[in-house]
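Visitor:
Protein chains: 2
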Amino acid sequence: MKIKKSKTVRFHEIGNADVLKMETLPISNPKEGEVRIKVEALGINRAEIMLREGQYLEDPVFPSRLGYEASGVVDAVGLDVTSVKIGDIISTIPTFSMVQYGVYGESVIVPENAVAKYPKNLSSIEGTSIWMAYITAYGALVEIGSIQKNDFVLITASSSSVGLASIQIAKAEGAFVIATTRGADKKQFLLDVGADFVIVTDHEDLVEKIAAITNKKGANLIFDPIAGSILESLAEVASKGGMIIEYGALASDTTPFPLFSALEKGLTIRGYTLFEITSDTEKLAKAKEFVFKGLQREELKPEIDRVFPFEKIIEAHQYMESNQQKGKIVVTI
Amino acid sequence: MKIKKSKTVRFHEIGNADVLKMETLPISNPKEGEVRIKVEALGINRAEIMLREGQYLEDPVFPSRLGYEASGVVDAVGLDVTSVKIGDIISTIPTFSMVQYGVYGESVIVPENAVAKYPKNLSSIEGTSIWMAYITAYGALVEIGSIQKNDFVLITASSSSVGLASIQIAKAEGAFVIATTRGADKKQFLLDVGADFVIVTDHEDLVEKIAAITNKKGANLIFDPIAGSILESLAEVASKGGMIIEYGALASDTTPFPLFSALEKGLTIRGYTLFEITSDTEKLAKAKEFVFKGLQREELKPEIDRVFPFEKIIEAHQYMESNQQKGKIVVTI
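First to last, the sequence lines map onto chains A and B. If you're matching positions, the first sequence starts at 22 in the working numbering and goes up one per residue. If you're matching positions, the second sequence starts at 22 in the working numbering and goes up one per residue.
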């Protein structure tokens, strides 16, 4: 049963969650190399909040779409699409510009390489919660960070969906995971997800705790979306030859380069977004296989925090901004 | 003919070049694993100036020795030394703490792994001018930077001995070399040494020039001892996926981490000193072979700027601080 019109979320100006407007737009047909999806669930990401606020890597073009993650059923395919067919149950991988292809809608169109089947043991709510988080974490820890068994891996802001995915992947690879969180309320949750150590940064000293945990050797691999002045501390707790991968800009203060720690310890500090993986056919194929198998084996398991109905999209954004969540925020249609 | 006393340079307080004192000390015997050298020439490095000023990676312990590079003849060996023998003509590789082993002296002792023969086509003045510069450049460009044929490589502060060594190594590896220098007076010299492009930063815009030279693709590999605010510009001119290797702290201002360029382009920014190579037996062996063969083939050729007699050690330091030099400053004994 095809719908002729699609409720779609767009915004016409930079601003807080209230700028999101639910609009009814005609459904269009996929062009060559594109796939149309009848959407069942949407994953909410920090990236969409940043786009809405004019703080993201790309700028909105008004009226701007938004959204990277949807799950649903393929209901039309463009010319030359061979990897999926009508009726396939799939979810989307962020290989595209969300200003152009944003998936906050009942019916959305994405490029063929953004569409992937997810394991049958997952619901559509779980299916929309996997690629962004797990490919981001896989690319950093495995592809770039070459994580090794028994490495000490430090995951900051670890209650986010990427943070949780990172804990699970690091554990699956045999590393010791140190997770940070601001308040004590999320500590037990992070231990339950698999962190070996949790540092509550509002009450504990990061540098002292990591020295104690690692017997002063420091963390081999650090995966951080915060940046700002914390980078100095991260460099201080990094091991000799350690790597710090920055993947966000949550802090509002400027980020100093920790020159003397970097020189003394030969540190690598790396900027990273998952597009480095999703824009490379070979790396993306490896990433998809890694994530798919991990999910099938249930070594990886998406943590769903809360589900909102589509009409409550503004509340879903506000909830993410409140930083209360432990895992993925999903919207169902 | 063995000398019984050794004129040795030490300093007893932090300060300008005048704190360097020429002292006559008794000659001691090498301990197990050590080698004694009758010195013929010394290479002067920025590191010694920084140590004297209390700005170096290690702190002086008074009275402090200094100096990393000497060439001369082995005149005594400690127990279990097997790789060199009395009478060998050698020069030193900085594998050691210069506070402990500093080589500014007529007779000096260093660990066995710091001693290497240099190619016979070099004089003792050239022989003392090779390991610090070429191993530093090799480690960054080849070992860490994985320099490729046709890469655009940007070398800043390129008139230093490490800068010149980097130009030669990058050319030998088939890269296009862009060298920067502050004033126009060193431009022709840098072209003669092998730079494909020279940017005179006092008069030319780094960002515009590199965009023009690389057809907007940016520099694949950047090797910089300056740091400070220039790091923002270096990130701006780096290519997608590019690497910036920082190996010094010549700038006096603080160094910002170029977060948005790093995220957008997936940049790697790396702290580095040659100790990363010299403290690793396997990497050091590869580095020595690379440098030795390059010198034999004359693809690598140390540029000697000026030679001072040992008594003029203070003037040699002052001359380095004047930043007039193009290549190595050497002191002969």
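Cβ coordinates follow ideal geometry from the N, Cα and C atoms, glycine included.
Give the residues of chain B in contact with A:R73, contact being defined as C-beta atoms less than 9 angstroms apart.
Guide: In chain order: nothing, as chain B lies at least about 18 angstroms away.
Visitor: Report the residues of the segment 284-297 of chain B with a CB closer than 9 angstroms to any CB of chain A, ordered along the chain.
Guide: The segment 284-297 of chain B vs chain A, Cβ under 9 angstroms: L284, E285, K286, G287, L288, T289, I290, R291, G292, Y293, T294, F296, E297.
Visitor: By DSSP's criteria, B:A200 is part of a beta bridge. Which residues make up the other side?
Guide: B:I176, B:V219, per the DSSP bridge assignment.
Visitor: In this structure, does DSSP put B:N134 in helix, strand or coil?
Guide: Here B:N134 sits in helix by DSSP.
Visitor: If we require 4 or more residues per run, which alpha helix (DSSP H) segments fall completely within the segment 44-81 of chain A?
Guide: Listed in chain order, they are 67-73.
Visitor: Does A:L78 have its Cβ less than 8 angstroms from a Cβ in chain B?
Guide: It does; some Cβ of chain B falls within 8 angstroms.
Visitor: Who are A:G292's beta bridge partners in DSSP?
Guide: Bridge partners of A:G292: A:E267.
Visitor: Could you give the DSSP three-state label for A:T157: helix, strand or coil?
Guide: DSSP places A:T157 in helix when its eight states are reduced to three.
Visitor: At which residues does the beta strand (DSSP E) containing A:K207 begin and terminate?
Guide: That residue, A:K207, is in no beta strand (DSSP E); it is neither H nor E in DSSP.
Visitor: Under a three-way DSSP split, which group does A:K26 fall into?
Guide: Strand at A:K26.
Visitor: Classify A:I107: buried if its beta carbon has 16 or more other beta carbons within 10 angstroms, exposed otherwise.
Guide: Exposed.
Visitor: Taking B:T177 as the query, report the chain A residues whose CB atoms sit under 9 angstroms from its CB, ordered along the chain.
Guide: Correct list: empty, because the minimum Cβ distance to chain A is about 15 angstroms.
Visitor: Tell me whether A:A272 sits in a helix, a strand or coil according to DSSP, three-state version.
Guide: Coil.
Visitor: Taking only beta carbons into account, state which residues of the segment 95-120 of chain A come closer than 9 angstroms to chain B, listed in chain order.
Guide: Per Cβ criterion, the list is empty.
Visitor: If we count the other Cβ atoms within 10 Å of its Cβ and call it buried at 16 or more, is A:K347 buried or exposed?
Guide: Looking at its Cβ environment, which holds 16 or more other Cβ atoms inside 10 Å, A:K347 is buried.
Visitor: Return the Cβ separation of A:G249 and A:S273 in integer angstroms, given the expectation that the two are a contact with Cβ distance under 8 angstroms.
Guide: At roughly 7 angstroms, the Cβ-Cβ gap stays under 8 angstroms, so A:G249 and A:S273 are in contact.
Visitor: Would you mind working out which of A:E69, A:L143, A:K26, A:K237 sits nearest A:R318, comparing C-alpha positions?
Guide: Residue A:L143 is the option with its Cα nearest to A:R318.
Visitor: Tell me whether the beta-carbon of B:V95 lies closer than 8 angstroms to the beta-carbon of B:D109.
Guide: Yes; because the gap between Cβ atoms is below 8 angstroms, this pair is in contact.
Visitor: With DSSP run on the structure shown, which of helix, strand or coil describes A:D39?
Guide: Three-state DSSP puts A:D39 in a helix.
Visitor: Check whether the segment 219-232 of chain B and the segment 256-263 of chain B touch, using three or more Cβ-Cβ pairs below 8 angstroms as the test.
Guide: Output reads yes: the segment 256-263 of chain B touches the segment 219-232 of chain B.
Visitor: How big is the Cα-Cα spacing for A:A97 and A:S150?
Guide: Roughly 23 angstroms separates the two Cα atoms.
Visitor: Can you round the beta-carbon distance between A:V124 and A:Y159 to whole angstroms, since I take them to be within the 8 angstroms contact cut?
Guide: No, A:V124 and A:Y159 are not in contact; Cβ-Cβ is about 21 angstroms, not under 8 angstroms.
Visitor: When DSSP labels each residue in this structure, what does B:F278 get in the three-state scheme?
Guide: Correct three-state label for B:F278: coil.
Visitor: When the Cα of A:F329 is compared with those of A:I265, A:I65, A:E44, which residue comes out closest?
Guide: Of A:I265, A:I65, A:E44, the residue nearest in Cα terms is A:I65.
Visitor: Within 8 angstroms of any Cβ in chain B, is that where the Cβ of A:K267 sits?
Guide: The amino acid occupying residue 267 of chain A in the given sequence is Glu; Lys does not appear at that position. Judged by the 8 angstroms Cβ criterion, A:E267 is in contact with chain B.
Visitor: Hey, B:E147 and B:D101 are a contact pair by Cβ (cut 8 angstroms); roughly how many whole angstroms apart?
Guide: With a Cβ gap of about 31 angstroms, B:E147 and B:D101 do not count as contacting.
Visitor: With a cut-off of 8 angstroms, does the C-beta of B:T276 fall near any C-beta of chain A?
Guide: B:T276 counts as touching chain A.
Visitor: With DSSP run on the structure shown, which of helix, strand or coil describes A:E90?
Guide: Note: A:E90 maps to strand in three-state DSSP.
Visitor: Which same chain residues, not among the five before or five after A:R203, have their C-beta less than 6 angstroms away from its C-beta?
Guide: So the list reads T222, D223, once near-sequence residues are dropped.
Visitor: Is there contact between the segment 186-194 of chain A and the segment 303-321 of chain A, where contact requires at least three CB pairs shorter than 8 angstroms?
Guide: With the cut-off at 8 angstroms, the segment 186-194 of chain A and the segment 303-321 of chain A touch.
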